[in-house]
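One structure below.
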Amino acid sequence: MEDGLYRFLGLYKKSPPWVKQTVGACYGMLPYRVRYGRNFDVYRRLAASARGWNREEHDEYQFRKLKQLLEHAYSHASFYRETYRAAGVSPDDFRSLADLQKFPPLTREQIKNHQTDMLADNLSEDERLYTSTSGSSGVPLELYHHKDVTRPKERAFLHDLFRDFGFRKGDRVVVLRGEVIDGDRPWYYDPVDCNLILSSYRLSDATVVASCERIRRLKPAAIRGYPFMVFKLVQLMIQHRIEPFRLKCVILESENIYEDHRRTIQEFLGCPVCHYYGHTERLVFGGNCRLCDEYHIHPEYGHIEVIREDGSPAAEGEEGEIIATGFDNLVMPLIRYRTRDFAVRGAHGCECGRNFLMLRKIMGRAEEFVLLANGERVPFHNLLAGIHGRTWGLVYKLQCVQNAPGSLHVNVMPANGVSGEQAVAGFVTEIRKRMDGKFLALIGQVVTDIPVTRSGKTKLFIQQVEAAG
101 MEDGLYRFLG
111 LYKKSPPWVK
121 QTVGACYGML
131 PYRVRYGRNF
141 DVYRRLAASA
151 RGWNREEHDE
161 YQFRKLKQLL
171 EHAYSHASFY
181 RETYRAAGVS
191 PDDFRSLADL
201 QKFPPLTREQ
211 IKNHQTDMLA
221 DNLSEDERLY
231 TSTSGSSGVP
241 LELYHHKDVT
251 RPKERAFLHD
261 LFRDFGFRKG
271 DRVVVLRGEV
281 IDGDRPWYYD
291 PVDCNLILSS
301 YRLSDATVVA
311 SCERIRRLKP
321 AAIRGYPFMV
331 FKLVQLMIQH
341 RIEPFRLKCV
351 ILESENIYED
361 HRRTIQEFLG
371 CPVCHYYGHT
381 ERLVFGGNCR
391 LCDEYHIHPE
401 YGHIEVIRED
411 GSPAAEGEEG
421 EIIATGFDNL
431 VMPLIRYRTR
441 DFAVRGAHGC
451 ECGRNFLMLR
461 KIMGRAEEFV
471 LLANGERVPF
481 HNLLAGIHGR
491 TWGLVYKLQC
501 VQNAPGSLHV
511 NVMPANGVSG
521 EQAVAGFVTE
531 IRKRMDGKFL
541 ALIGQVVTDI
551 PVTRSGKTKL
561 FIQQVEAAG
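Counting in this note's numbering, the sequence shown runs from 101 upward without gaps.
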């Protein structure tokens, strides 16, 4: 049901409050298995069961899923068939988990240039669900998820993680993410998931008292949002001597988490902090537990490798790039995808009893800050947060450069068939929605090339001003 209604999400968000309260409340009362379909329960049971598997059972499951995926991609996606033939490998060469390294890794540029050839020819367009991501590499991607599979699976694993922290369906949540909210009040209530949505862009000394009064009336079970914005809320509450809320947990997502920020949030609000690693491509999922802050990577969700620069596996305690393979998106398989996220590999297993691969720290999402004219710093990620859908389809590459406080150059390489004016206007308009124009001037321009770094990366943001402490 959820994926079938996905195309109406924009219409729902623009609807009058009384429509949201009526339609949203009724829809939100439906059980997850009705909203997300039978696959939600399938994956929920899988996640619960895998907690008790031993290492051999995890390896056996991963081998079986990878073998099926390789055979499917080789048979039904011409990109993989041609790529693997050129590399001299086929699914027959996959006889152990270690053999996966024989298959060439997949880059964002390949996805961008061969999107159509990566779609499985035995699945119809009706089974595809469009999505897009900006990522951190500066090469925006348009992707397809598997309808009634990808999103129910993600929801099931989130449900499994959150229940460890006492969170239950129907609990009220304050959300601080990339939402742009117009009107007098910098918040609105969405009854579908009992969410009070706060505008992170309007969170300030002028709004924090009223916002906290609204939060207190809600009596939420959790606050969920970007780490920097939740930290900013806590800092404002401390400065204005606002009493903390009684919460089951705080859920931090979508940004790198700085230890001092996490510690401040946890100490002030006096509740556990839950955080997890995942991305729009839906290939890997892992979160912390109540006993430790390392990421428990679910081996039944997808397969990950942490590799050194030379392509060999990183050892425990070493930093390497995360290479990820999703198991269940048969519409557009992504096999050995170079995430360009870097992590410190941990051990297998935790005191909580799960025999999962652990990541000690995610390194690759360290956010650089944009300097505003009033001296404030904001994470660059916030400028693009919430920009999804067709806007990313306007550009081939994007890069923002700051060489003076209070100004930002938005350099755009338009996608094929898109005018430079349209591509620039699309992103400048979206960024302006998220920033006060008095403090950040945007200079949009069309460029014919965006250079890569020595390591081959295309940086999404280049900061050429020394950030103030």
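Note that the Cβ used here is the ideal one computed from N, Cα and C, for glycine as well.
Extent of the continuous alpha helix (DSSP H) run through residue i
i, result
"VAL334", "327-339"
"LYS247", "Unbroken run through LYS247: none, as it is neither H nor E."
"GLY509", "The amino acid at residue 509 is misidentified as Gly; the sequence shows His. First-last for HIS509: 507-514, but that is the beta strand (DSSP E), not the alpha helix (DSSP H)."
"LYS497", "It is not in any alpha helix (DSSP H) - LYS497 instead sits in the beta strand (DSSP E) that spans 495-502."
"ILE315", "308-318"
"SER149", "138-150"
Of the residues the options, the one placed nearest residue i, counting alpha carbons only
i, options, result
"PRO327", "GLU242, GLY128, GLU359 and ILE342", "GLU359"
"GLN339", "ASP305, ARG363, CYS371 and PHE345", "ASP305"
"GLU353", "MET329, GLU416, THR548 and LYS113", "MET329"
"LEU130", "GLY270, GLU227, SER196 and LEU206", "GLY270"
"SER232", "ILE357, LEU484 and SER311", "LEU484"
"MET101", "PHE163, LEU434, VAL528 and ARG133", "ARG133"
"GLU355", "PHE203, GLY278, ILE531 and ALA177", "GLY278"
"LEU542", "PRO551, GLY506 and GLN563", "GLY506"
"LYS497", "LEU146, VAL524 and ALA148", "VAL524"
"ASP284", "ASP260, LEU206 and SER311", "SER311"
"LYS212", "HIS509, LEU494, GLN502 and VAL501", "LEU494"
"ALA148", "PHE262, LEU471 and TYR289", "PHE262"
"LYS202", "GLY104, ALA515 and ARG185", "ARG185"
Terminal residues of the beta strand (DSSP E) in which residue i lies
i, result
"LEU459", "457-462"
"TYR395", "395-397"
"PHE561", "561-563"
"CYS441", "A small correction: the amino acid at residue 441 is Asp; Cys does not occupy that position in the sequence shown. Per DSSP, ASP441 belongs to the beta strand (DSSP E) from 437-448."
"CYS349", "349-352"
"GLY402", "402-407"
"VAL478", "477-479"
Beta carbon of residue i nearer than 7 Å to that of residue j
i, j, result
"LEU336", "VAL308", "yes"
"CYS373", "PRO320", "For the sequence presented, residue 373 should be read as Val rather than Cys. No."
"GLY325", "VAL275", "yes"
"LYS247", "TYR143", "no"
"TYR244", "ARG255", "no"
"GLU421", "PHE442", "yes"
"ALA447", "GLU400", "no"
"ASP217", "SER178", "yes"
"VAL350", "ILE323", "yes"
"MET432", "LEU219", "yes"
Cβ distance (whole Å) where residue i is taken to contact residue j below 8 Å
i, j, result
"VAL384", "ARG445", "Their Cβ separation, rounded to whole angstroms, is 13 Å, which puts VAL384 and ARG445 out of contact at 8 Å."
"LYS332", "LEU303", "6 Å"
Collapsed DSSP secondary structure at residue i in the structure displayed
i, result
"GLY104", "helix"
"ALA466", "Unreliable placement is indicated for ALA466, whose pLDDT of 41 sits below 50; the coordinate value is still reported in the next sentence. It is coil, neither helix nor strand."
"VAL273", "strand"
"GLN366", "helix"
"ILE550", "coil"
"CYS389", "coil"
"GLY420", "strand"
"SER196", "coil"
"TYR376", "strand"
"TRP287", "strand"
"LEU170", "helix"
"ASN295", "strand"
"GLY569", "Confidence at GLY569 is low in this model, with a pLDDT of 37, below 50, so the placement of that residue should be treated as unreliable; the coordinate-derived value is given next. Correct three-state label for GLY569: coil."
"MET206", "Sequence check: residue 206 is Leu here, not Met. Of the three classes helix, strand and coil, the one that applies to LEU206 here is strand, per DSSP."
"GLY520", "helix"
"TYR230", "strand"
"ILE531", "helix"
"GLN201", "helix"
"LYS433", "Sequence check: residue 433 is Pro here, not Lys. Reduced to three states, the DSSP call for PRO433 is coil."
Chain C within 7 Å of residue i, Cβ atoms only
i, result
"THR364", "The structure shown contains no chain C; it is built from a single protein chain."
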